[in-house]
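Chains as they are written, first to last, in my numbering: chain A, 525 to 910; chain B, 2 to 217. Reviewing the structure listed below.
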Ligand SMILES: Nc1ncnc2c1ncn2[C@@H]1O[C@H](COP(=O)(O)OP(=O)(O)O)[C@@H](O)[C@H]1O
Ligand SMILES: [Mg+2]
């Protein structure tokens, strides 16, 4: 947590800034975050569909979306380009109207809101964008305070609020600059501050880090996490960077051609992607076999004493890989050739590539024997022992 | 010499009056017109496609009539408004009517260039339509609108020369009567110098202001 942010959450006077209320105590001990999957339902999609009417005919962007997103959750949406991610996100603040089914926010069907109530809903729902969408003619301060200004909040209150937010996002001293003079990361911080200015309960992020370099992405993600933890916001985010989902999301939904094809905890979906789309999306996270190894690998054993190369998959279902047990069950000299284990939400997920030499068992027998200790095992081939 | 100076001075004042008034009216009427043209289209903030087409066509009609013809055609209307069809004040009417659609179309282009994402962001933050027009459309397009207004003023300086035909005076009329009809090159040159200075000054101020207000 940045120093400025720490300041915000601890200092007494800031209790007067509404967004610190209620959350301050809960966070003085920053231990394990409770599993948001157990919290109350915040957003509930019921058979939601969206069809755009265009001159070239109807475009069916979303079909039968059933989904619930819980309070305080960081919820990811992934899918190929054109899958309907933005359409789904934009139904939440009714930038797009659902054409079928409904969306309940805290039990309220948002299709029933009139103009005034819709404005209120939008003030309770912050949104940040890939290209930041800051007003170039306004300073940082004016950008952040605009949502308050149009809501008729008096000047003094606006001023304090903006100052607190500038501190929160780490942009103190930049209040009088224009967006054009800021870096991408700074612009997104302004975007975040602007989105938070009405103390929303929901934050929508449409590819919010896609225009940023990896380092800046990390800092923005940290900021989003801080916001989620300390303000208790529900965050719904779209990204094409799987690492973003892995690093900060609780649950994820995979969209394909407007339909949900997979959803669940990130470690589940990432540990054992079932649908084709998910597998292709996750491909960048998967390590391919190192080239030198791939070259030496043969599909059949050339010599009886060739080493058998196995891939062992761990999808976080069971305990962390037990090296002694693996070695015992494989019964031979086991070399670790390649691979890695990542922890996603406390689950060990990954793949290890091992070569087994001098084992009395055949490759398929090895797969059988190791079964109990891995989520899945497969024979990759054989290499000659040199 | 002093006579020449006096005539030039009077011509300049007449030109400034005609151009100033008609451009001012174009500014006041043209911006709402441009905002209407941009926001009333299909899928716009105040969607009214039929009316949008109608107004668009009217604007086009006025834009396509050459100024000299427009001025003559408008004589009855001018008389109705200012009580006379002759003189500086009578020229202001057709000049304004020519300048407004001209400026509105240029301003419209600048307004259309405002990124759709900004409008969306404004909606997402709970802005109502009037807020979007004021805080997003107009303010973001301001440098472009100022550039367009500069062009309008220069065009009106041009058009006002023709207003001599209805006895409005002004620099153009001076050059025409003395320079062309009486072969008085001295007057013509003097007028050209003043006009160049005037146009340069307008263009320079416009550019300077647009640049100052552009924070992109
Ligand atoms: N305003 C719109 N009008 C018509 N079609 C649209 C509109 N917005 C999106 N679409 C279409 O809906 C589908 C889903 O788009 P979108 O939600 O933007 O996908 P994603 O964000 O996953 O790339 C695409 O086929 C897209 O062309
Ligand atoms: Mg999108």
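Yeah, the Cβ is synthetic: ideal placement off N, Cα and C, and Gly gets one too.
Per DSSP, residue 681 of chain A is not a residue of any beta strand (DSSP E); the alpha helix (DSSP H) it occupies stretches across 679-692. Taking CB atoms only, residue 121 of chain B has a neighbour in chain A less than 8 angstroms away. The beta carbon of residue 837 of chain A sits no closer than 8 angstroms to any beta carbon of chain B. Taking a 10 Å sphere around the C-beta of residue 135 of chain B, we find fewer than 16 other C-beta atoms and assign the residue as exposed. Counted as a single uninterrupted DSSP element, the alpha helix (DSSP H) harbouring residue 205 of chain B occupies residues 186-214. Residue 6 of chain B counts as exposed, since fewer than 16 other C-beta atoms from the protein chains shown sit within 10 angstroms of its C-beta.
For residue 655 of chain A, the nearest beta carbon of chain B is closer than 8 angstroms to its own beta carbon. In the DSSP assignment, residue 104 of chain B falls within the unbroken alpha helix (DSSP H) covering 89-113. Close to chain A, meaning a Cβ-Cβ distance shorter than 8 angstroms, is no residue of the segment 80-92 of chain B at all.
Taking CB atoms only, residue 143 of chain B has a neighbour in chain A less than 8 angstroms away. Proximity of chain A to residue 125 of chain B at the Cβ level (cut-off 7 angstroms) is accounted for by 617, 619, 646, 651, in chain order. Closer than 8 angstroms to the CB of residue 154 of chain B there is not a single CB belonging to chain A.
With distances taken between CA atoms, residue 573 of chain A lies nearest to A:616 out of A:563, A:557, A:616, A:795.
Contact between residue 611 of chain A and residue 586 of chain A is confirmed by a C-beta separation of about 5 angstroms, below the 8 angstroms threshold. Distance from the C-beta of residue 600 of chain A to the nearest heavy atom of ligand 1 is not below 7 angstroms. Under DSSP, residue 79 of chain B takes part in no beta bridge, so it has no partner.
In this structure, the alpha-carbon of residue 170 of chain B lies about 10 angstroms from that of residue 90 of chain B. Within chain A, no C-beta atom comes less than 7 angstroms from the C-beta of residue 36 of chain B; the nearest is roughly 16 angstroms away. Taking the beta carbon of residue 808 of chain A as reference, no residue of chain B falls within 8 angstroms; the closest one sits roughly 27 angstroms away. Residue burial annotation: residue 774 of chain A is buried, with at least 16 other C-beta atoms found within 10 angstroms of its C-beta. Residue 890 of chain A is classed as buried because its beta carbon has at least 16 other beta carbons within 10 Å across all chains shown. DSSP, reduced to helix, strand and coil, places residue 730 of chain A within a strand of the structure shown. Distance between residue 782 of chain A and residue 589 of chain A, taken at the CA atoms: about 8 angstroms. For residue 758 of chain A, the enclosing beta strand (DSSP E) stretches over residues 758-762.
Per the DSSP secondary-structure output, residue 786 of chain A pairs in a beta bridge with A:778. Looking from the CA of residue 97 of chain B, the closest CA among B:47, B:153, B:80 belongs to B:153.
Inclusion of residue 591 of chain A and residue 650 of chain A in the CB contact set at 8 angstroms is not warranted, their separation being larger than that value. Relative to ligand 2, the nearest heavy atom lies less than 7 angstroms away from the CB of residue 730 of chain A.
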